[in-house]
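Engineer: The sequence shown maps to residues 326 to 517 in the numbering used here.
Okay, handing you the structure first.
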Amino acid sequence: LIELGPAYIKLGQVLSTRPDLLPPVYVKELEHLQDAVPPMALVDVERIVEEELGARINKLFASFDEAPLGSASLGQVHAAQLRDGRDVVLKVQRPGIRETLSDDMEFFHELAGFLAAHTSAGEKVDVIGVVHQLERALVDELDYRTEARNAAGFRRSLAGFPHILIPRVIDAYTTHKVLTTQRVRGVKISEI
Numbered sequence: 326l327i328e329l330g331p332a333y334i335k336l337g338q339v340l341s342t343r344p345d346l347l348p349p350v351y352v353k354e355l356e357h358l359q360d361a362v363p364p365m366a367l368v369d370v371e372r373i374v375e376e377e378l379g380a381r382i383n384k385l386f387a388s389f390d391e392a393p394l395g396s397a398s399l400g401q402v403h404a405a406q407l408r409d410g411r412d413v414v415l416k417v418q419r420p421g422i423r424e425t426l427s428d429d430m431e432f433f434h435e436l437a438g439f440l441a442a443h444t445s446a447g448e449k450v451d452v453i454g455v456v457h458q459l460e461r462a463l464v465d466e467l468d469y470r471t472e473a474r475n476a477a478g479f480r481r482s483l484a485g486f487p488h489i490l491i492p493r494v495i496d497a498y499t500t501h502k503v504l505t506t507q508r509v510r511g512v513k514i515s516e517i
């Protein structure tokens, strides 16, 4: 699935949460897709950040860590420091991901329709529902502004709980392809 691309990885991730559809041995193996995605090239990360935020990396940040903190099917995360000294993390969307996912989803819809109509497995399992679940998840995940709004709302909702720390979204550094949030590191309860 990793070799087939992001939509297949995401499908595997969705299926890893569906023990009602697959035997435990498959679910266990698909769970590895949650954290086994190769990183994208730094040149792509820099290009996307610069295009989205409208300036060169060295003008936007006092420092930018070239090594990713993590890499996933749709993007990856890098640590940085803003010019004002705040530590942040940037989630950067993979290049061309929307087009790739659109083509893959078209194929998944056709395959699900075929399986539902022509196989006994398709009669027993709601494969069309699984594809719709995958598509809804992908649409939500492809616009980081949606994630930013959700995070800000979550932060407001939990503001009355002093022991829960939700990273602040840095709106000026957030677009549909780049999400920038405050970096939270090993904070002790006594420091909150």
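Each residue gets a CB set at the ideal place from its N, CA and C atoms; glycine is no exception.
Please read these numbers as outputs of a predicted model, since none were measured by experiment.
Apart from the five residues just before and just after E377, which ones in its own chain have a Cβ nearer than 7 Å to its Cβ?
Structural biologist: Excluding positions up to five away in sequence, the list reads T500, K502, V503.
Engineer: How long is the line joining the alpha carbons of N475 and S398, rounded to whole angstroms?
Structural biologist: Straight-line Cα distance between these residues: approximately 20 Å.
Engineer: Assign S396 to one of three DSSP states: helix, strand, or coil.
Structural biologist: Strand at S396.
Engineer: Spell out a yes or no on whether the region 479-495 and the region 382-401 are touching, meaning 3 or more CB-CB pairs, one atom from each, closer than 8 Å.
Structural biologist: Output reads no: the region 382-401 does not touch the region 479-495.
Engineer: Give me, in chain order, the residues of the same chain whose beta-carbon lies closer than 6 Å to that of S519; leave out the 5 immediate sequence neighbours on both sides.
Structural biologist: Any question about residue 519 goes unanswered here, given that the chain covers just 326 to 517.
Engineer: Is V455 closer than 8 Å to A441 when the C-beta atoms are compared?
Structural biologist: No, the Cβ-Cβ distance between A441 and V455 is not below 8 Å.
Engineer: Less than 8 Å between the CB atoms is what I'm expecting for A366 and D390, so what's the real figure, rounded?
Structural biologist: No, A366 and D390 are not in contact; Cβ-Cβ is about 15 Å, not under 8 Å.
Engineer: For a test of the three-state rule: what should DSSP assign to D412, helix, strand or coil?
Structural biologist: Reduced to three states, the DSSP call for D412 is strand.
Engineer: Using only the alpha-carbon positions, how far apart do E466 and Q418 sit?
Structural biologist: Their Cα atoms are separated by approximately 10 Å.
Engineer: DSSP state of S341, grouped into three classes?
Structural biologist: Correct three-state label for S341: coil.
Engineer: Anyone know if the C-beta pair for R480 and R461 falls short of 8 Å?
Structural biologist: No, these two residues do not count as a Cβ contact at 8 Å.
Engineer: Could you say which of I327, E328, L326, Y333 lies nearest to A428 if we only look at CA atoms?
Structural biologist: According to the sequence shown, residue 428 is Asp rather than Ala. Nearest option by C-alpha distance: Y333.
Engineer: Return the CA-CA distance between P364 and E448, expressed in angstroms with no decimal places.
Structural biologist: Answer to the nearest angstrom: the Cα atoms are 38 Å apart.
Engineer: Within the region 447-509, note down every full beta strand (DSSP E) run reaching 3 residues or more, in order along the chain.
Structural biologist: With a minimum length of 3 residues, the continuous beta strand (DSSP E) runs that stay inside the region 447-509 are 503-507.
Engineer: In its own chain, which residues sit with a C-beta less than 8 Å from the C-beta of L358, not counting the 5 before and 5 after it?
Structural biologist: Excluding residues within five positions, the ones whose Cβ falls inside 8 Å are L326, I327, I334, G337, Q338, S341, S398.
Engineer: Please confirm whether L407 and A387 have their CB atoms less than 8 Å apart.
Structural biologist: Yes, they are a contact pair.
Engineer: For V370, which beta-bridge partners are listed by DSSP?
Structural biologist: V370 pairs with nothing; no bridge assigned.
Engineer: By the three-class DSSP mapping on this structure, what secondary structure does L407 have?
Structural biologist: If DSSP states are grouped into helix, strand and coil, L407 belongs with the strands.
Engineer: Going by DSSP, which residues form a beta bridge with V352?
Structural biologist: The partner list for V352 (beta bridge, DSSP) is empty, contrary to what the question assumes.
Engineer: By Cβ distance, which residues of its chain are closer than 8 Å to I517, with the 5 residues on each side in sequence left out?
Structural biologist: Only weak support is given to the placement of I517: the predicted model assigns it a pLDDT of 45, under 50, and the value that follows is read from those uncertain coordinates. Cβ neighbours of I517 beyond the five flanking positions: P487, H488, L490.
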